[in-house]
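For the sequence shown, our numbering begins at 5 and goes up steadily by one. Ideal Cβ positions, reconstructed from N, Cα and C, are used throughout, including at glycine. All values reported here derive from a predicted model rather than from experimental measurement.
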Amino acid sequence: MTIRNYQDLEVWQKAMDLVEDCYRLTMGFPDNEIYGLSSQLQRSAVSVPANIAEGRERGRTKEFLHHLSIAYGSLAELETHILIARRLNYVDEETLRQLMDRVAEIGRMLNGLRGSLGHKTRSLIPSP
5 MTIRNYQDLE VWQKAMDLVE DCYRLTMGFP DNEIYGLSSQ LQRSAVSVPA
55 NIAEGRERGR TKEFLHHLSI AYGSLAELET HILIARRLNY VDEETLRQLM
105 DRVAEIGRML NGLRGSLGHK TRSLIPSP
């Protein structure tokens, strides 16, 4: 499969699905968390696919790798927010397990993509 843009990347698609799940999750949080944990969890979730997209569309491998590293950091931040939500009993064990599995999968995909890009140089955007 040819990767024409960031939307073709499976890791971006899975990260977008995770964003939706995180927004649905935070809808059940207490109102007093709207500017606290809810906002932080949503922000870190959104940062993952946003950085994948930005890095891919910049067109240079070095910049893509940089943004993939930021996405990976945001994923770790998201994982921490989810674990905090569990400690506060905002998330049940089954939901926690499902989210952690998805976070781990996206993390593996980001690492795999970073590894494969380490062997490439120059431009990511194909010539017309």
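Have a look at the options and flag the residue whose alpha-carbon is nearest the alpha-carbon of residue i.
i      : options                       : result
VAL50  : CYS26, LEU87 and ASN9         : CYS26
ASP12  : VAL107, GLU61 and GLY122      : GLU61
PRO122 : PHE68, ASP105, VAL95 and ILE7 : A small correction: the amino acid at residue 122 is Gly; Pro does not occupy that position in the sequence shown. Comparing Cα-Cα distances from GLY122 to each of PHE68, ASP105, VAL95 and ILE7, the minimum goes to PHE68.
GLY40  : LEU92, GLN17, ASN9 and SER120 : LEU92
SER120 : THR65, ILE38 and GLU37        : THR65
Given that a residue counts as buried once 16 or more other Cβ atoms are within 10 Å of its Cβ, and exposed if not, what is residue i?
i      : result
ASN55  : buried
ARG28  : exposed
ALA57  : buried
SER78  : buried
ILE7   : exposed
ALA89  : buried
LEU103 : buried
ILE110 : buried
Considering only the beta carbon of each residue, do residue i and residue j sit closer than 8 Å?
i      : j     : result
THR30  : SER42 : yes
LEU114 : ALA75 : yes
LEU117 : VAL15 : yes
GLY63  : LEU72 : no
Report back the beta-carbon spacing between residue i and residue j to the nearest angstrom; my notes put them in contact at under 8 Å.
i     : j     : result
ALA19 : VAL52 : 4 Å
So with Cβ pairs under 8 Å, would you call residue i a contact of chain D?
i     : result
ALA49 : Within the model displayed, chain D is absent; a lone protein chain is all it includes.
Residues in the same chain with beta-carbon distance under 8 Å from residue i, minus the five sequence neighbours each way, listed in chain order, please.
i     : result
LEU45 : CYS26, LEU29, THR30, LEU82, HIS85, ILE86 and ALA89
GLY32 : TYR94
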